[in-house]
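Take a look at the structure below.
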Amino acid sequence: MSSSKPVVPDGAFAAMLFDLLQAPLRWHLIDLGLTLGVFDRLSAHPSAAALAADLGLDARRLALVLDGLCAMGALTKRAGRYGLSAEGATYLASDGPLSLRPMLAGLSWLRHSSLADLLTAPVPPPLDMGDPAFWDRAGGSLRSFHRALGVPVMVACLESLPAWPTARRFLDLGAGSDILARTLAARRADLAVTVFDLPPLAERIAATLADDGLAARIEVRAGDYNDADLGQGYDIIWASMTLYYARDLEALASRIRDALAPGGIFVSFHEGLTDERTRPEAHVVGRLATALRGQDLSFDAGRITSALERAGFLDVTSRTVETPFGPLRLEVGRRKP
Numbered sequence: 001m002s003s004s005k006p007v008v009p010d011g012a013f014a015a016m017l018f019d020l021l022q023a024p025l026r027w028h029l030i031d032l033g034l035t036l037g038v039f040d041r042l043s044a045h046p047s048a049a050a051l052a053a054d055l056g057l058d059a060r061r062l063a064l065v066l067d068g069l070c071a072m073g074a075l076t077k078r079a080g081r082y083g084l085s086a087e088g089a090t091y092l093a094s095d096g097p098l099s100l101r102p103m104l105a106g107l108s109w110l111r112h113s114s115l116a117d118l119l120t121a122p123v124p125p126p127l128d129m130g131d132p133a134f135w136d137r138a139g140g141s142l143r144s145f146h147r148a149l150g151v152p153v154m155v156a157c158l159e160s161l162p163a164w165p166t167a168r169r170f171l172d173l174g175a176g177s178d179i180l181a182r183t184l185a186a187r188r189a190d191l192a193v194t195v196f197d198l199p200p201l202a203e204r205i206a207a208t209l210a211d212d213g214l215a216a217r218i219e220v221r222a223g224d225y226n227d228a229d230l231g232q233g234y235d236i237i238w239a240s241m242t243l244y245y246a247r248d249l250e251a252l253a254s255r256i257r258d259a260l261a262p263g264g265i266f267v268s269f270h271e272g273l274t275d276e277r278t279r280p281e282a283h284v285v286g287r288l289a290t291a292l293r294g295q296d297l298s299f300d301a302g303r304i305t306s307a308l309e310r311a312g313f314l315d316v317t318s319r320t321v322e323t324p325f326g327p328l329r330l331e332v333g334r335r336k337p
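Each residue of the sequence shown is one higher than the one before, starting from 1 at the first, in UniProt numbering.
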């Protein structure tokens with residue numbers, strides 16, 4: 001007779017399964033609020049009846065939706081009248097200081113497609129990157145993500161580096177938006193900041209900086225990082241979630257090394273998949289729809305570190321940084337002095 005004890009399953013997994021039933025409803029509520037323009041119609045704190053009349057909807061059923069948004073913390077309700085919570089005003093209103101609306105619209109389309117269709121249908125054709133609307137959407141999504149979530153984490157990472165206080169020339173490689181560059185320029189008057197990206201994004205970044213009178217403060221370079229001139233003499237080159245399109249990662253790492261000043265450092269901020277590409281869940285599941293479309297680009301843990309060492313970087317280090325968008329690896333290598 002076996003004396004082994006029966007395996008007791010983890011109750012947290014059962015709780016997670018139950019929560020999955022609730023999670024889509026939360027997103028549908030937010031998406032419905034965005035689609036109806038609810039978050040931009042609450043400045044006068046209307047009742048459900050007044051808002052329903054404005055939208056041409058049934059007041060009783062709209063009140064149920066509004067109450068659900070209140071339960072999630074997006075709205076407030078006092079004496080039957082609805083308004084934005086502080087968080088809703090910040091992240092969901094069109095004019096919110098950290099509005100996530102462009103990012104939510106873009107990522108919901110990318111992530112919430114039918115997995116069954118993506119699994120069984122032919123791989124869809126690549127997105128039309130010659131369409132200006134594609135770059136408008138991409139730039140808007142990246143800008144809202146950087147402003148609300150990404151850049152605060154990035155700045156904390158950079159300012160934790162021993163080399164940061166003495167750095168004088170900085171390159172944001174594959175920047176995606178102007179937000180990190182303008183944040184660093186505002187915090188460090190002694191820092192020369194350069195942004196590098198593909199021409200369609202670089203043009204949009206340059207136009208935004210020019211509109212705000214920052215064209216002389218922040219340099220913008222355009223090109224494909226695989227073969228374009230990156231510039232020279234940088235003390236720090238930063239690349240966050242952008243190295244996926246390297247034709248040869250070691251070759252690109254060598255080009256980055258050559259663009260650094262002697263003793264300068266390259267800082268990579270990317271995911272690192274483990275356990276045979278089954279962890280972390282935030283990246284494996286979060287990027288599943290994109291991967292099923294043929295863009296399975298996430299890096300295995302250690303891949304970037306290996307490329308830096310093969311490219312001749314010294315003192316290569318790697319550590320995990322927990323972020324609101326999943327754990328990322330901060331990997332740093334130094335050019336020979």
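All residues carry an ideal CB built from backbone N, CA and C; glycine is no exception.
L11, buried or exposed, once every other Cβ within 10 Å from all chains shown has been counted against 16: Inspection of the sequence shows that residue 11 is occupied by Gly rather than by Leu. G11 is exposed by the Cβ-count criterion.
Should the segment 233-246 be called in touch with the segment 169-189, which here means at least 3 C-beta pairs below 8 Å? Counting Cβ pairs under 8 Å, three or more are found: they touch.
I need the boundaries of the alpha helix (DSSP H) containing P262, first residue and last residue. Per DSSP, P262 belongs to no alpha helix (DSSP H); it is in the beta strand (DSSP E), L260 to H270.
Taking V332 as the reference, give the member of P162, L230 and L184 with the closest Cα. That would be P162, whose Cα lies nearest to the Cα of V332.
Locate the beta strand (DSSP E) running through D197, then write down its first and last residues. Unbroken beta strand (DSSP E) run through D197: A192 to D197.
Check the DSSP bridge columns for R279 and list the partner residues they point to. Looking at the DSSP output, R279 bridges to T274.
Y82 and L66: beta carbons closer than 8 Å? Contact flag set, yes.
Can you name the residues that DSSP bridges to R81? Listed as beta-bridge partners of R81 by DSSP are S47 and R78.
Looking at D40 and S108, is the spacing between their C-beta atoms short of 8 Å? Cβ distance not < 8 Å, so S108 and D40 don't count as in contact.
So L64 is in the alpha helix (DSSP H); what residue range does that whole segment cover? Where L64 is concerned, the enclosing alpha helix (DSSP H) stretches over A59 to A71.
By DSSP, does F170 sit in helix, in strand, or in coil? DSSP places F170 in strand when its eight states are reduced to three.
For D178, which residues in the same chain have their Cβ closer than 6 Å to its Cβ, ignoring the five residues on either side in sequence? Hits under 6 Å: I205, T208 and L209.
Does DSSP classify R329 as helix, strand or coil? In the three-state DSSP reduction, R329 falls in the strand class (E or B).
Does DSSP put W238 in a helix, in a strand, or in coil? Look at W238 here: in three-state DSSP terms it is strand.
Per DSSP, what kind of secondary structure is E203 in: helix, strand or coil? If DSSP states are grouped into helix, strand and coil, E203 belongs with the helices.
Could you please give me the residues that DSSP links to D31 through a beta bridge? Its beta-bridge partners do not exist; DSSP assigns none.
V153 lies in the alpha helix (DSSP H); which residues open and close that run? Run containing V153: V151 to E159, per the alpha helix (DSSP H) assignment.
Taking DSSP as the reference, what is the three-state secondary structure of S298? Per DSSP, reduced to three states, the secondary structure at S298 is coil, with no helix or strand assignment.
Span separating the alpha-carbon of F313 from that of A138: Approximately 32 Å between the Cα atoms of the pair.
Identify whether residue 351 lies in helix, strand or coil by the three-state DSSP scheme. No answer is possible for residue 351: the residues shown for the chain start at 1 and end at 337.
Sequence-distant residues of the same chain with beta carbon closer than 6 Å to S318, five excluded per side: For S318, same chain residues with a beta-carbon under 6 Å away, outside a window of 5 residues either side, are T305, R329 and E331 in chain order.
In the DSSP assignment, find the unbroken beta strand (DSSP E) run with D315 in it and report its ends. Looking at the DSSP string, the run of the beta strand (DSSP E) that includes D315 is L314 to V321.
Which partner residues of R187 appear in the DSSP bridge assignment? The partner list for R187 (beta bridge, DSSP) is empty, contrary to what the question assumes.
Helix, strand or coil for R143, going by three-state DSSP, please let me know. Of the three classes helix, strand and coil, the one that applies to R143 here is helix, per DSSP.
Determine the DSSP secondary structure at R334, reduced to helix, strand or coil. Look at R334 here: in three-state DSSP terms it is strand.
Which term fits V151, buried or exposed, when burial requires 16 or more other beta carbons within 10 angstroms of its beta carbon? Counting every other CB atom within 10 Å of its CB across the protein chains shown gives V151 a total of 16 or more, marking it as buried.
For R247, tell me which candidate among P6, D227 and F266 has the shortest Cα-Cα distance. Cα-wise, what sits closest to R247 is D227.
In three-state DSSP terms, what is W109? Reduced to three states, the DSSP call for W109 is helix.
Endpoints, the alpha helix (DSSP H) within which S306 is located: Taken as a continuous stretch (DSSP letters only), the alpha helix (DSSP H) holding S306 covers R303 to R310.
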